[in-house]
Structure formats: C-alpha cells, structure tokens
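Notes for the one structure printed next.
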Amino acid sequence: SRAGLGLFAGPGLAEHLQDSTWAADAVLFEIREAPCRAISGLGIATECGDVLQMVSSYERRLGAVVADPPWYPAVTDRFIVAAASSLAPGGVMLLVAPGLSTRPGLGRERERITALASRHGLTHAETQVSAVEYEAPPFELAALRASGMPRFDPYWRRGDLMVFVRGESRTSSMETDVEQPSSDWQEVCVGPIRVRVRRGANS
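Each residue of the sequence shown is one higher than the one before, starting from 1292 at the first, in my numbering.
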C-alpha cells in the first residue's frame, strides 16, 4: 500500500494538515526530536531521524513528497535521493529551493540539483518562482526592530518550488552522489529557535 504524502522536514505544513483529509495519509520525516513529538501528538505519523535511513521502509510507496530542506547543498542532495527512492512511479516531488538571487552560484547549483534528480529517476517538470513564503523567526524580527526597521515584512523570505515527476525506472543506490552533511556544524534548539554552531571554531 502507499503511504500517500511524505513531508521531508516540514513540521509547519504537517501542523496545518491536522484537520484535513490528508492527515491520515501523511508521514513527517524530521531529524529533530521536538517537532516529531509535537506532530505525533496531533495524530500524524512521524519518522524521526536521518531521512535517507527513515525512507528505507517506504520504497516506491509514496504518491507525493514535499521536501523543504535547509538551504545547504549536501542536505538537499539527501532529500532528493530519499524522495526518488520512496516515490512510486508517477509520483511527484515538490522541492523548495532558494531563489536565484539568494546567494551567488545558485544557477549552477540549480543545474546540479536537476542533474542529480535525473540520475535517480526524477524528471524536472517546472519551477514556480517565489511560490513559497517563510515567516521570519522571532529573533530575526527582534534584530530588525533593534536596527530601526520595526515594520519589516515578516514574510520577506521566498523560495522557488521545483516540481519533479518520478519515472518508471528503479533508482540507483541511495548513497550514490550523496555526501554526508559536514560534521563541523551542529544544530542546537533553544526553545523554538534553531542555531547552528561550528564546533572547534576560534572565538
């Protein structure tokens, strides 16, 4: 049977699904324990851990995946390969990617993403520019207010939505072309705020 909808690191979306018809057919894949506990308390299935390991029991079962990775290439690659493995033929991956003006070199990064997806059986169908908006976290709004911008738009950050369709062929090994995320940086949660700390860095 197909599990239906896979949410890769999308606890906010999972929360909005709790009263919808999708709730019983969705599963959240999330590496952080706190969001996993919160979402499972809403009655939505969760798989807590590294997404490449967690999808092993969902091979070719999902009809759709919404992937919202942190905007680091190594993590994005893992999400793409995991989606390719878990999607049934004809399934769709919606991948949120940073807009091309977010940082230098994103044009080449976009080409690399499309090539990686293609090697794993995912065909790029379209890209919807600025289709996804993010709410700025409280610490960012506080910093903006302190710098003299009290009315800054909390939804200023936008992402592009890349749409991929799963073909009939089987994927290659899930670990192919995928790097392990750098161990130099560790993510720490302070309440609802996520902070990345570089271990061993000089102060």
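In this text, a Cβ means the ideal position worked out from N, Cα and C, and glycines have one as well.
Does the distance from the CB of residue i to the CB of residue j come in under 8 Å?
i	j	result
L1353	S1377	yes
A1358	V1318	no
R1400	P1364	Per the sequence shown, residue 1400 should be read as Glu rather than Arg. Yes, the pair counts as a contact, with Cβ atoms nearer than the cut-off.
L1343	A1375	no
H1415	I1371	no
G1297	V1356	yes
L1308	A1300	no
Measure the C-alpha to C-alpha separation of residue i and residue j and round it to an integer number of angstroms.
i	j	result
P1428	G1390	19 Å
S1311	P1302	15 Å
L1432	S1438	10 Å
R1323	A1408	25 Å
I1404	D1368	7 Å
F1430	A1325	19 Å
G1382	S1460	12 Å
G1295	Y1349	10 Å
Using the beta-carbon count (16 or more within 10 Å), is residue i buried or exposed?
i	result
E1424	exposed
M1384	buried
Y1446	exposed
R1394	exposed
E1402	exposed
A1305	buried
With a threshold of 8 Å on Cβ separation, who are the neighbours of residue i within its own chain once the five nearest residues in sequence on each side are excluded?
i	result
A1379	R1293, R1351, R1352, L1353, G1354, R1457
Ordered along the chain, which non-local residues of its own chain (more than five positions away) have a Cβ less than 7 Å from that of residue i?
i	result
L1435	F1443
Between residue i and the rest of its own chain, which residues show a CB-CB distance below 6 Å, the 5 nearest in sequence each way excluded?
i	result
T1418	D1451, M1453
A1373	V1342, L1343, V1346
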